[in-house]
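Some notes on the structure that comes next.
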Amino acid sequence: MNPSTARAASKLNLIRLLASHPEGLGLEEIQSVTGHKSIAALKKDLGELYMIEMYPYSPTDAVDLDFDGKKVKIRLPVAVDSALPLSPKEWSFLRSLLVSQKTKEGSELNRSILNKIDSVIPSGDWSPYQKTKETIIKAINDKKTLTIVYWKRDTKEKETRTLAPWLLWEENDSYLLAYDLTKEGFRSFRLDFILNIVIADTKYPTLPDTAEEFLQGFKQLFGNDKENNTYAKLWITDSASYHLGLKLNLQTTGNQKQIGDTLYREFQAPIRDQNWFIQTILGYGTSVLVSEPLEIKESIRFHLQSIALSKQNLTTQS
């Protein structure tokens, strides 16, 4: 990250931190989260917040700081995060839920919310994986087979599969549950990893009576209880714990340890999707260390070794 971008990100993070604590924060409390090297450096950044301009408002309209000698408070006449507090995917999921409400009760409120969403993000009639879902539902209703191009999460390879679709699962993440004609068994496929899907000419088979058994096993792995059953233990710096806490449900254990000049605190975090979890942790570098489970720890080590090897090869070639 270039220095200008880093400075801007630092100031925006200060605004979000102070806005989430309307009662105010002491300078030492802020420093423990932001990682500023000194109180003087923190005061300089706080003093520059008024320079962040948000069109069409002047800087003083956007940010107003109050420091009584003990705590720093912020006033935001313009809500900095109100324009898009959700990701585009989350906005689309919300819109899809509202559109699916067919009852008249609250319909006026639903229309008002839909209009607001459309003013924030141009969603139209789109919903996540809409075309994929429509194809799957049609194939299930018409007893047609499907040919999909699927991106395997473990090997990052693309493969073509011919399936007899059985069920569209839309709790937590969206999955296609289907009978694989080649492997002769039930399999699950995440919709966001399906690169292409078409209705095939292959005859739809008679599904074996192991469907319910497969569904029960799938629910145990990917159902609502999964998030509470599998946890990782992490050692995280104070500044990283604030930002990572916006993505993961971090639960502190109260333990801490010093590694070199850096203080780490121990947290527990639920693992819903292992691949997403690993990719998220990798983005924090040495600010987040994994102690358990072993498979996550080894997978992250493997990723880091692969990156180091790739860089070494590029250096050799150049």
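Per the UniProt record's numbering, residue 1 is the first one in the sequence shown, and the count goes up by one each step.
Beta carbons: idealized from backbone N, C-alpha and C, even for Gly.
Given the structure is predicted, the values throughout are model-derived calculations rather than measurements.
Cβ contact annotation for residue 32 (same chain, cutoff 7 Å, sequence separation greater than five): 238, in chain order. Pairing residue 251 with residue 277 gives a Cβ-Cβ distance that is not under 8 Å. Sixteen is the threshold: when 16 or more other Cβ atoms of the shown chains lie within 10 Å of the Cβ of residue 163, as they do, the residue is buried.
The beta carbons of residue 46 and residue 65 sit closer together than 8 Å.
Separation of the CB atoms of residue 300 and residue 282 is rounded to 6 Å, and the pair is thereby assigned contact status at 8 Å.
Residue 163: member of the beta strand (DSSP E) spanning 158 to 169, first to last residue. Looking at the backbone, the Cα of residue 288 and that of residue 48 are separated by about 29 Å. In this structure, residue 175 and residue 188 form a Cβ contact; the two beta carbons are roughly 5 Å apart against a cut-off of 8 Å. Annotated three-state conformation of residue 286 is helix, per DSSP. Annotated as proximal: residue 161 and residue 182, with beta-carbon spacing under 8 Å. Ranked by how close their Cα comes to the Cα of residue 200, the residues 67, 135 and 279 have 135 in first place. Under the three-state reduction of DSSP output, residue 239 falls in the helix class. Residue range 27 to 34 is occupied by the alpha helix (DSSP H) that includes residue 28. DSSP, reduced to helix, strand and coil, places residue 280 within a helical segment of the structure shown.
Within a 10 Å sphere around the beta-carbon of residue 241 sit 16 or more other beta-carbons, which makes this residue buried.
When only Cα atoms are considered, residue 43 and residue 214 end up about 59 Å apart.
Around the C-beta of residue 40, fewer than 16 other C-beta atoms lie within 10 Å, and the residue is accordingly described as exposed. By the criterion of a C-beta distance shorter than 8 Å, residue 10 is surrounded in its chain by 34 and 45, once the five residues flanking it on both sides are discounted.
Taking 3 residues as the minimum length, the beta strand (DSSP E) runs contained wholly in the stretch 178 to 216 are 185 to 190 and 194 to 199, in order along the chain. Per DSSP, the continuous beta strand (DSSP E) segment holding residue 255 begins and ends at 251 to 259. Close CB contacts of residue 150 within its chain, under the 8 Å cut and outside five residues either way in sequence, are with 158, 159, 160, 161, 189, 193, 194 and 195 (chain order). Secondary structure note for residue 73: its beta strand (DSSP E) is the uninterrupted segment 72 to 75. Per DSSP, reduced to three states, the secondary structure at residue 148 is strand.
Using a Cβ distance threshold of 8 Å, residue 279 and residue 296 do not count as a contacting pair.
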